[in-house]
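Below you'll find the structure, written out as structure tokens, and then a few comments.
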Amino acid sequence: MEAAATRPTADGDARAGGWGAWYARERVLPYLRRAVDAGHATPAQAADVERACAACADGRFDDGLPPARIHGDLWSGNVQWTRTGAVLIDPAAHGGHRETDLAMLALFGCAGLEDLLGAYADTGSLVAGWRSRVPLHQLHPLAVHAASHGPAYGDALHDAARAVLRM
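Per the working numbering, the very first residue in the sequence shown carries number 16; after that it's consecutive.
Given below as structure tokens:
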């Protein structure tokens, strides 16, 4: 299977139906289908992910905030530390949800994450309850990894989807 990173990511118009509909349609479902086809997610797991995507698409997580310019692939390997601070590399920048990069950092771990979150909070950019929405924003990277890196990510995607369904 061709690596997910070598294919263009979907980037349809987020205004068509709101953020949640765009996120489900363009960022999660295409990779879910690839994960199932590759045998990395079961049909039962996919059904729960699809239900979580339906919850996104119905607008319940839309907060009315405008899209933010986000890195789009922010994991610890794309954060390089220098004597004067951090440098971000290898962006997949797009207009997305401001909580997405934070959820990605939390998913794969990052040295100094709590300090970074504190600085982010100091800017006033975090909306109350953002930590509870981390699984929502992890659906996309988990779907990408489930499509190309195996069933362990299919299991993690399923866990995140079930967390979204409990929200």
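Every residue, glycine too, gets a C-beta built ideally from N, C-alpha and C.
Here the segment 80-91 makes contact with the segment 106-117; the two share three or more CB pairs at distances below 8 Å. Around the beta carbon of Ile85, 16 or more other beta carbons sit within 10 angstroms, so the residue counts as buried.
Three or more Cβ pairs closer than 8 Å define a contact, and the segment 161-168 falls short of that threshold against the segment 130-150.
In this chain, His164 is not harboured by any beta strand (DSSP E); it is covered by the alpha helix (DSSP H) spanning 149-164. Secondary structure of Thr115 (DSSP, three-state): helix. The closest CA to that of His152, considering only Thr97, Asp170, Pro58, Cys71, is found on Cys71.
The shortest C-alpha to C-alpha distance from Gly35 to any of Glu65, Asp52, His55, Ala53 is the one to Glu65. Here DSSP, grouped into helix, strand and coil, assigns His86 to coil. Straight-line measurement puts the Cα of Arg98 at about 43 Å from the Cα of Arg181. A distance below 7 Å between beta-carbons, with the five flanking residues on each side excluded, links Ile104 to the following residues of its chain, in chain order: Asn93, Gln95.
In this structure, the beta-carbon distance from Ala158 to Ala59 does not fall below 8 Å. With respect to the C-alpha of Leu120, the residue from Trp37, Arg146, Asp170, Gly100 having the closest C-alpha is Arg146.
The continuous alpha helix (DSSP H) containing Gly35 extends over residues 34-37.
Counting the other CB atoms within 10 Å of its CB gives Gly87 a total of 16 or more, which places it among the buried residues.
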